[in-house]
Amino acid sequence: MKTSTRIESLSQHIGQEVELKGWVSNKREGKGIAFVILRDGSGYCQCVVTEESAGAEALAEATKLSLECSVILTGTVLADEKQVGGVEVQVNSLTTVGGSENYPISKKEHGVEFLMDQRHLWLRSARQWAIMRIRNTIIFSIHKYFQEQGFVQMDAPIFTGNACEGTSTLFETDFYGDPAYLSQSGQLYGEAMAMALGKIYTFGPTFRAEKSKTRRHLSEFWMIEPEMAFYDIFQNMDCIEGMLQAVVKDVLANCQEELKTIGRNTAVLESSLGAFPRMTYDQAVRIIKGEENVNGVNSIASLEEELAAKQAELAQIEAQIAEKEEQLKEPGLKKGQMNFYQSKVIEFKQIKSDLEEELRNIPQWIESARTFEYGNDFGGSDETVLTRLFDRPVMVYDWPHEVKAFYLKRNPEDTRFARGVDVLAPEGYGEIVGGGERETDVDMLIGKIHEHELPMEAFEWYLDLRRYGSVPHSGFGLGLERMVTWVCKLKHVRESIPFPRMYGRLTP
Ligand code: 4AD
Ligand code: MG
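Next comes the structure, spelled out in C-alpha cells:
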C-alpha cells in the first residue's frame, strides 16, 4: 500500500492533490454536498464532497458514511483559515475501506463507566487523542532531558523478592513455586546501577495493590526513577525541578493544538517554568495550619472566603437553571431554541455539580487543616490546602522519619527528620514526585529494615552497596500518569494511560 499524506502536513500541500487515509469522526450533509471530518491519528481535517468535484457515486458513498467508517480519499488541498489546521480538502474520489454500523460512542454525553468499558474505541475521540499525544510528548521529553544530562537508562526487574515501598501494597505472584512480587519501584536496583554508572534512570511499569478508588491511584503505573551518585538532597531537588520544567516547556512548545482540544488553560504551566518554592515539612505544616501566610494569604481564611464565594455562585447558577427550565415550558418553542435551552441546562447543571463538589470539599479541607497533627504524613486534603496557595509545584523536604520509607537518610543536623522530598503539583493535584537522599549507614538501614518488619535476607545485596564504596546518593520517582493528569488537568488519572489498571478495572 503506498503511503499517503498525513493530515498534520496538509498545510505544506496547498493547491496539490493528496491522498488521505483515515476514519470518519463526524459528518454533515446538505443538498448535493457532504462534509466529512476525517481523522488519521495525526490530526483532523474537513473534507468536502460535491457532485461536481467527486461525481455522483462518490457523493452517494459519502452520504452513507457513518461514524468511524474507514476511508481512503483523494482531493485538492485548499487553504481555509476557518477550518481546523487552516485547510480543507475538496474531495475528488472516495472509497470506504471498513464500515462501522451503530458505533457505540455517539456524540451525546456518555457516563464515564460506559466510556471506560469502551476504552478500546474511546481512545479514538479527539479528547483522548490529545491526551495520548501529550503523554507521548512527556515521555519523549523525559528521555531527552536525562539523555542530554548524561544519564544512562536502565531497566529494573518486574519480578522482585522484596518490598520497596511497604508491604501493604504488594501484588504477590508465583515464581516457580516461590512467592515473588510485582515491583513497586525500581529504586533499589537503580541505586546499584548508580554505583556502577554514576547517573541512571529507570522508565518502567510499577505496581501497587491499593484497594482504593481515588482519582490518583492506579494499580499499574509507569514510573521514572533517576538515581545519582554523589548527589545530596538539594542537588536532587535541582534535578527534579530541571526535569519537570523541561517537560512542561516541551509540552507548551509542541502541544498547543492538543492543549486547546482539551480546553487546558496553560497559565499555571507557564508559571511552573519559574523556580519552585522549597520548604521543610515544618514550614509546610505551619502554612497548612494557618500559622504562617504565603504572600499575605492565609490558608484557612482564604478557604473560608472561597466557601462563601462558591455558595453565592451556586445560588446564581441555580437561578439560571430555573430560568432556562421556565423558558423551555413556553408554548410554541422552535426546535433550535429548545435545543439551545436544553444544552444550556445541561451545561449549567454540570457547573452546579462541580460547585456542589467543591462545597462538599472545602469544609473538609478547612477541618483537616485545623486539626492536622504535627508528625503525620500529608493526606490529599493537606496537599490541596498547601498547594492552593501556589501557582506552580511546591517541594516539601525533611519529613518526620517515621512516616517515610526505610531507605531515606536522616538529616545529620536533626535526626528526627529524614531527607525525603515530595513534589506537590498545584491545582489540587498533589504528590507527583517522591524521592530523597539515601541512607548510607549500614546500621541505620538494618535498624529501619527491622522497624518496617521487612525480611533481612532479601536486603543483603542492598546493604552490600553500603559495604563496598558507599557514597552519598539521591534519587526520585515521578509517576508518569500523575504528571500527565496534572499537565492535562484531568479529573481522574484513568484518562492518562491507554488501558488503566485499577481497583475494580482489568478490562478492556
Ligand atoms: O512516592 P513513591 O511511592 O516513591 C517511590 O516509589 C520511590 N521508590 C521513588 C524513588 O525515590 N525512586 O512513588 C513515586 C511516585 C509518586 O510520587 C506518584 O507520582 C507515583 O509514583 N505513584 C502513583 N501513581 C499512580 N498510582 C499509584 N498508585 C501511585 N503510587 C505512586
Ligand atoms: Mg510518595
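So for the sequence shown, my numbering puts the first residue at 1168; every next one is plus one.
Note that the Cβ used here is the ideal one computed from N, Cα and C, for glycine as well.
Near ligand 1: residue i beta-carbon under 6 Å from a heavy atom
i     : result
E1598 : yes
H1384 : yes
R1375 : yes
Q1402 : no
Q1354 : yes
M1390 : yes
G1546 : no
F1338 : no
G1266 : no
E1332 : yes
G1371 : no
F1397 : no
F1202 : no
F1643 : yes
G1646 : yes
Check whether residue i and residue j have beta carbons under 7 Å apart
i     : j     : result
L1177 : V1238 : no
H1619 : F1573 : yes
Q1179 : Q1213 : no
A1468 : Y1312 : no
W1566 : V1552 : no
P1675 : H1287 : yes
V1660 : R1383 : yes
V1678 : P1444 : There is simply no residue 1678 to check, as the chain begins at 1168 and stops at 1675 in what is shown.
Span of the alpha helix (DSSP H) around residue i
i     : result
T1652 : L1647 to C1655
G1503 : K1502 to T1538
C1236 : Neither: C1236 is in no alpha helix (DSSP H) and is coded neither H nor E.
Y1629 : E1627 to R1634
N1259 : Run containing N1259: none in the alpha helix (DSSP H); it sits in the beta strand (DSSP E), V1254 to G1265.
V1279 : V1279 to D1284
M1362 : Q1354 to L1364
I1454 : Y1448 to I1455
Presumed contact (8 Å Cβ cut-off) between residue i and residue j, rounded CB distance
i     : j     : result
V1452 : F1539 : 7 Å
L1337 : Q1320 : Going by Cβ atoms, the distance from L1337 to Q1320 rounds to 26 Å, so no, they are not a contact pair.
D1549 : S1535 : 6 Å
Y1356 : I1391 : Actually they do not touch by this definition, with Cβ atoms about 14 Å apart.
L1385 : I1181 : About 44 Å separates the two Cβ atoms, so there is no contact after all.
Min CB distance residue i to chain C below 7 Å
i     : result
E1224 : No chain C is part of this structure, which consists of one protein chain only.
Residue i: first and last residue of the uninterrupted beta strand (DSSP E) it sits in
i     : result
M1321 : V1319 to M1321
N1421 : Element bounds for N1421: not the beta strand (DSSP E) but the alpha helix (DSSP H), I1400 to N1421.
E1392 : E1387 to A1396
Y1312 : Premise fails: Y1312 lies in the alpha helix (DSSP H), A1293 to E1315, not in any beta strand (DSSP E).
L1436 : Note, L1436: premise wrong, no beta strand (DSSP E); alpha helix (DSSP H) at A1434 to S1438.
D1587 : For the record, residue 1587 in the displayed sequence is Gly; it is not Asp. F1584 to A1592 is the span of the beta strand (DSSP E), which, as asked, contains G1587.
V1215 : Y1211 to T1217
R1206 : I1200 to R1206
Which of helix, strand or coil DSSP assigns to residue i
i     : result
S1192 : strand
D1341 : strand
I1272 : coil
A1330 : coil
H1568 : helix
R1605 : strand
G1463 : coil
S1548 : helix
V1638 : coil
E1184 : strand
E1490 : helix
T1674 : coil
R1431 : coil
G1614 : helix
A1367 : Before going on, a small fix: residue 1367 reads as Ile here, not Ala. Reduced to three states, the DSSP call for I1367 is strand.
A1376 : coil
R1577 : strand
A1476 : helix
heavy atom of ligand 2 below 6 Å from residue i C-beta
i     : result
G1601 : yes
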